[in-house]
Amino acid sequence: MNVLQAIRERRAINVFDPERTIPADDIKKIIEVANLAPSSFNLQPWEVVVVDEPERKKVLRKCAFNQPKVEEASAVLIMIANPNGVEENIDDHLKSWVELGYIKPEEVQKMREAPFGMYGEKDSQARKFFAVKNTAFFAMNFMIAARGFGFETHPMDGFKEADVKKEFGIPDDRIIPLLVAVGFMKPGLELLPRAFRRKIDAFTKFNNY
Ligand SMILES: Cc1cc2nc3c(=O)[nH]c(=O)nc-3n(C[C@H](O)[C@H](O)[C@H](O)COP(=O)(O)O)c2cc1C
């Protein structure tokens with residue numbers, strides 16, 4: 410399937426087939442593709458908890474306003490944005506840049522300062538935007554890739570973040586922008602037509618706001 414087809418076919422599926430599972434290795438294959446998402450300074454400040462055990466999905470459903478799809482989907486991914494991704498990932502990134510020939514070893518120190526200047530102190534709003542923005546790209550990539558592999562998905566922000574953090578052991582300093590359910594549509598159901606989209610002329614301008 411080509412990428413345009415995957416984007417066009419992706420729908421937020423409301424009713425998943427509760428009988429079908431997806432092997433962990435297949436979920437990892439989708440994550441591998443999602444992980445090619447671009448990120449600021451290539452810092453990749455995302456983390457994921459894949460919830461695929463029936464009992465754990467029940468717990469997550471309770472945190473998500475009892476949305477049935479959380480339990481019925483084959484798995485639900487807790488998408489986690491890490492505002493500390495700057496200090497945690499910068500050295501691996503710069504090391505790879507040296508190894509791959511992007512920069513010379515003597516340029517590392519200067520390059521290392523840039524994201525700290527741009528994304529501010531830990532706990533700053535800039536850090537939170539940084540983490541959430543990049544994790545959203547990862548999540549979108551996941552949904553397109555999942556469709557490419559033949560799966561259905563559903564993004565959700567209908568959940569209590571504090572409850573999800575508590576139940577799944579996610580540190581307080583992380584942000585959870587969304588959950589993404591993945592699985593198969595329940596057989597015998599027909600999707601309603603694609604939900605309305607605004608005309609692009611209503612929000613697209615060229616050269617000036
Ligand atoms: C960040 C985000 C959060 C969402 N949260 C929920 C949710 O909690 N529950 C739900 O039923 N749908 C949720 N949706 C799905 C949207 O309602 C759906 O994407 C939209 O109606 C367009 O439908 P389509 O994706 O099939 O084109 C969410 C979508 C996004 C992108």
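For the sequence shown, the working numbering assigns the number 618 to the last residue and increments by one with no breaks. The beta-carbon is built from N, C-alpha and C at its ideal position, and this holds for glycine as well. Values in this document were obtained by computation on a predicted structure and should not be read as measured data.
One Cα belongs to V517, the other to D572, and the distance between them is close to 40 Å. Residue pairing by DSSP puts A421 in a beta bridge opposite T562. The beta carbon of W455 is closer than 6 Å to those of T544, F547 in its chain, skipping five residues each way along the sequence. When DSSP reads this structure, V485 sits in a beta bridge with V460, A590. Taking each of G592, L600, F605 in turn and checking the Cα distance to D435, the smallest one comes out for G592. Residue selection by CB proximity (closer than 5 Å to any heavy atom of ligand 1) returns R420, A421, P564, M565, D566, G567, L587, A604 in chain order. If you draw a straight line from the Cα of K614 to the Cα of E464, it comes to about 49 Å.
The Cβ neighbour count for M527, taken over all protein chains shown within 10 Å, is under 16; the residue is labelled exposed. Contact annotation: the stretch 592-607 touches the stretch 422-436, with at least three C-beta pairs closer than 8 Å. The shortest CA-to-CA distance from L445 to any of E561, P586, G578, M549 is the one to M549.
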